[in-house]
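A.B. asks:
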Amino acid sequence: MSTSCQGGGKLAIITPLTTNSSVLSEPGHASCLPALEEEGAFLTGFCLPEAARALAAEPSRRAGLLSPAEESLFRGLRSEKRRLDWLAGRGAAKRALARYFREARESTPDLPAIEISSDAQGAPRCSLPGAPSFSISHCAAGGLCAVGRGGRLVGADWEMVVPRCGELARLFARPGELPPGPDDRALTRLWAVKEAVLKLLGLGLAAPPRDVEVLPEIRLHGRARRRWLELGSPELRCAVAECGACGIGSSAGTGRTEVLTTGGAIAAVAHARPSLSGDRA
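Per the working numbering, the very first residue in the sequence shown carries number 598; after that it's consecutive.
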């Protein structure tokens, strides 16, 4: 189902997808969020916080994931939180990109060969020829990466459901977007969709979140709309997975990592097939 945004381009209704503790297909490892993936549109990769902690503690494990340049970058990160977030994002991204290259080339490169750097705007880039658009996000629930299929652009955001001040919400939301009463899940979902769309557009938070309006159709304003027009006014879609159980722990006596019930988290992936007349700065 789609609707027309201001200016005539078609922007699709958000697809809500509710998941549960089975969302992680390979507990304890970087895996994927299968309920979030839209067929033919994008792939995902996921990395649990405890996997990131194991990587941080053991250089031999990192050697199987990072290139020498990435290892040097990791060692230069000062805070433990920044290191763990960075490793969770890299773990998720490399597994997702490995899935992509396995499909596209029928062979899987070694993970250290899938070297990831950042462009001038801070967006992630992969050094391998033919690398797709991809987007990385992380929160207390782990690292998430979305990889576009078929030349699609993607933007991903992954947010814990936490209390959000009404005054803050009014800074990033337009009046018609706000829920009628206190609703942390609705506000988190709204923020995740906005950030995912802005990341797809290559703007990130350099553009005001209010430039993306979600009602639930997506309408663009200001800088976001100008960038969308530069890309050829592609149809935008955004998949949303509401994960009601996103704490991490181990089941007693099983040695198996599981997802435990907490306030939850929300993952959003925006994707679009760019127009032939568009470009990506």
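The beta-carbon is built from N, C-alpha and C at its ideal position, and this holds for glycine as well. Bear in mind that the values here come from a model prediction, so they are computed numbers and not experimental data.
1) Rounding to the nearest angstrom, what Cα-Cα distance links R746 and A862 in this structure?
2) Out of S872, A793, G740, which has the shortest C-alpha to C-alpha gap to E647?
3) Pull up the distance between the alpha-carbon of L684 and that of S830, whole angstroms please.
4) Along the beta strand (DSSP E) that carries T641, what are the first and last residues, could you check?
5) Please classify G719 as buried or exposed, where buried requires at least 16 neighbouring CB atoms within 10 angstroms.
6) Are the CB atoms of S714 and S724 within a distance shorter than 8 angstroms?
7) So, helix, strand or coil for A743, using DSSP?
8) Just grab the DSSP bridge partners of S714 for me.
9) Just to confirm the assignment, what range does the beta strand (DSSP E) spanning E756 have?
10) Express the C-alpha separation of S730 and I711 in angstroms, rounding to a whole number.
11) Nearest chain B C-beta to S830 closer than 8 angstroms, yes or no?
12) DSSP three-state label for S657, please.
13) Would you call the segment 653 to 669 in contact with the segment 757 to 769, where contact means no fewer than 3 C-beta pairs closer than 8 angstroms?
14) For Y697, collect the residues of the same chain with a Cβ closer than 7 angstroms to its Cβ; drop the 5 residues on either side in sequence, then sort them by chain order.
15) Determine the burial state of L750: buried for a count of at least 16 other Cβ atoms within 10 Å of its Cβ, exposed for fewer.
16) Looking at the secondary structure, which residues open and close the beta strand (DSSP E) in which S732 lies?
17) Output the distance between the C-alpha atoms of P871 and A717, rounded to the nearest integer angstrom.
18) Which residues does DSSP pair with A867 in a beta bridge?
19) In the DSSP assignment, the alpha helix (DSSP H) including L795 goes from what residue to what residue?
20) How should E703 be labelled, buried or exposed, when 16 other C-beta atoms within 10 angstroms of its C-beta is the threshold for buried?
C.D. replies: The relevant details are as follows:
1) As the crow flies, the alpha-carbon of R746 is around 25 angstroms from that of A862.
2) Nearest option by C-alpha distance: G740.
3) Counting only the Cα atoms, S830 lies some 35 angstroms from L684.
4) That run of the beta strand (DSSP E) goes 639 to 644.
5) Flag for G719 reads exposed.
6) Contact flag set, yes.
7) DSSP places A743 in strand when its eight states are reduced to three.
8) BP columns for S714 point to R722.
9) Start and end: 750 to 757.
10) Counting only the Cα atoms, S730 lies some 14 angstroms from I711.
11) Judged by its chain identifiers, the structure shown contains no chain B, having just a single protein chain.
12) DSSP places S657 within a helical segment (H, G or I) once states are collapsed to three.
13) Two segments are said to touch when three or more pairs of C-beta atoms, one from each, lie closer than 8 angstroms; by this definition the segment 653 to 669 does not touch the segment 757 to 769.
14) So the list reads L640, P729, V744, once near-sequence residues are dropped.
15) L750 is buried by the Cβ-count criterion.
16) Per DSSP, the unbroken beta strand (DSSP E) holding S732 starts and ends at 731 to 736.
17) Computed Cα separation, rounded: 21 angstroms.
18) Answer is G752, C835.
19) Per DSSP, L795 belongs to the alpha helix (DSSP H) from 781 to 797.
20) Of the other Cβ atoms in all chains shown, fewer than 16 fall within 10 Å of the Cβ of E703; this residue is therefore exposed.
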